[in-house]
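In this note's numbering, the protein residues as written are 4 to 203.
#1: So, are the CB atoms of residue 200 and residue 12 less than 8 Å apart?
#2: Kindly indicate which three-state DSSP category residue 201 falls into: helix, strand or coil?
#3: Compare the Cα-Cα distances from residue 128 to each of 138, 120, 122 and report the closest residue.
#4: Taking the CB atoms as reference points, tell me whether residue 193 and residue 51 lie closer together than 8 Å.
#5: Can you tell me whether residue 124 is helix, strand or coil according to DSSP?
#6: Taking the straight line between their C-alpha atoms, what separation do you get for residue 104 and residue 86?
#7: Strictly under 8 Å for the Cβ-Cβ distance: is residue 72 near chain C by that measure?
#8: Could you check the C-alpha separation between residue 41 and residue 71 for me, to the nearest Å?
#9: Excluding the 5 residues preceding and the 5 following residue 149 in the sequence, name in chain order all residues of the same chain whose CB lies nearer than 6 Å to its CB.
#10: Give, in chain order, every unbroken run of the beta strand (DSSP E) that is at least 3 residues long and sits entirely within the region 142 to 187.
#11: Classify residue 113 as helix, strand or coil using the three-state DSSP reduction.
#12: Going by other Cβ atoms of all chains shown within 10 Å of its Cβ, with 16 needed for buried, is residue 189 buried or exposed?
#13: Assuming residue 147 contacts residue 108 under a Cβ cut-off of 8 Å, what Cβ separation, rounded to an integer in Å, is found between them?
#14: Which class does residue 13 belong to by DSSP, given the choice of helix, strand or coil?
#15: Given that a residue counts as buried once 16 or more other Cβ atoms are within 10 Å of its Cβ, and exposed if not, what is residue 54?
#16: Should the region 57 to 75 be called in touch with the region 156 to 167, which here means at least 3 C-beta pairs below 8 Å?
#17: If you compare alpha carbons, which of 177, 181, 156 is closest to residue 31?
#18: I need the DSSP call for residue 30, collapsed to helix, strand or coil.
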């Protein structure tokens, strides 16, 4: 957990179910001069096999992160899970020049963005999960304003009043600690969240 040194301010928190050594939630983040690619993957269940499935997806994202359409990244991630446990995914990419975000979500990972006119953007993910079997992939696109705040979390985090956290006039680290206070000391599920502020 903690902050990164990217242009995008980011606070990441993770705690495994029952404080186990293996966590079924995995994160991918890559920022360059063109945009930010961010993904949260939740392997079904928990423990070593869930972690293995989620890592297979993250490795696929990493291998295809440059100049590959988001839809193709998700399709290749799905194919990588043949013979493994399934996984939920939320993945999105900013385009700094166009100030747009493309998003794909399959499963129960949540993504929120404080968008234009201070409205909460909450793209709805498709039902199901990546499994190696044929999966319908739906891509959504929307605009954002530079410096906007966002939150993405696995279903291990139960959080009410998301907008108040994203609107809080504090540092991202302080906001991260505020959200972290909602997590049980010994959680009943893997818990991962990323809260951040896109570069201005």
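Heads up, the beta-carbon is just placed ideally off N, CA and C, and yes, glycines get one too.
Judging by the given coordinates:
#1: Residue 200 sits at position 197 when you count from the first residue of the chain shown. Residue 12 sits at position 9 when you count from the first residue of the chain shown. Yes, the Cβ-Cβ distance between residue 200 and residue 12 is below 8 Å.
#2: To locate residue 201, count along the chain shown from 1; it is residue 198. Residue state, collapsed to three classes: coil.
#3: Position 125 of the chain shown, counted from the first residue, corresponds to residue 128. For residue 128, the nearest C-alpha among the options comes from 138.
#4: Mapped onto the chain shown, residue 193 falls at position 190. Mapped onto the chain shown, residue 51 falls at position 48. Taking 8 Å as the Cβ cut-off, residue 193 and residue 51 do not qualify as a contacting pair.
#5: As a working mapping, residue 124 is identified with position 121 in the chain shown. Strand.
#6: Locating residue 104 in the chain shown gives position 101, counting from the first residue. Locating residue 86 in the chain shown gives position 83, counting from the first residue. For residue 104 and residue 86, the distance between alpha carbons rounds to 32 Å.
#7: Reference to chain C is not applicable here, since this structure consists of a single protein chain.
#8: Taking the first residue of the chain shown as position 1, residue 41 is located at position 38. Taking the first residue of the chain shown as position 1, residue 71 is located at position 68. Going by the C-alpha atoms only, they are around 14 Å apart.
#9: Position 146 of the chain shown, counting from 1, holds the residue named residue 149. Around residue 149: 203.
#10: 143 to 146, 152 to 156
#11: Reading the chain shown from its first residue, position 110 is the one you call residue 113. Strand, per DSSP.
#12: Counting from 1 along the chain shown, the entry for residue 189 is found at position 186. Its Cβ having fewer than 16 others within 10 Å, residue 189 is exposed.
#13: Indexing the chain shown from 1 puts residue 147 at position 144. Indexing the chain shown from 1 puts residue 108 at position 105. That belief does not hold up - the Cβ atoms of residue 147 and residue 108 are roughly 16 Å apart, past 8 Å.
#14: On the chain shown, position 10 is the one that residue 13 refers to. Strand.
#15: What you label residue 54 is simply residue 51 of the chain shown in a count that begins at 1. By the neighbour-count rule (16 or more Cβ atoms within 10 Å), residue 54 is buried.
#16: no
#17: Here residue 31 corresponds to residue number 28 of the chain shown, with the count starting at 1. For residue 31, the nearest C-alpha among the options comes from 156.
#18: The residue you call residue 30 lines up with position 27 of the chain shown. DSSP places residue 30 in strand when its eight states are reduced to three.
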